[in-house]
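In this note's numbering, the protein residues as written are 1 to 47. Notes for the one structure printed next.
Written out as C-alpha cells, the structure is:
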C-alpha cells in the first residue's frame, strides 16, 4: 500500500473534513441518480 493511500484513508477515518464529506455525499448522490436513471429507463422499455 502506498503512502498516498494510507494518508487518504487516514483523512477519511480520523478527520472527516467538510471537503471530504461533500465529496462523499456528491459521489453517493451521483451513484443514486445514475442507478435511478438506469432503473427507470429499464422499466420504460418493459412497458
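From the three backbone atoms N, C-alpha and C, an ideal C-beta is built for every residue, glycine too. All figures in this text were calculated on a predicted structure; none of them were measured in a lab.
Local conformation of residue i per DSSP, three classes
i          : result
residue 2  : coil
residue 17 : coil
Segment limits, alpha helix (DSSP H) that includes residue i
i          : result
residue 47 : Where residue 47 is concerned, there is no enclosing alpha helix (DSSP H), given that its DSSP letter is neither H nor E.
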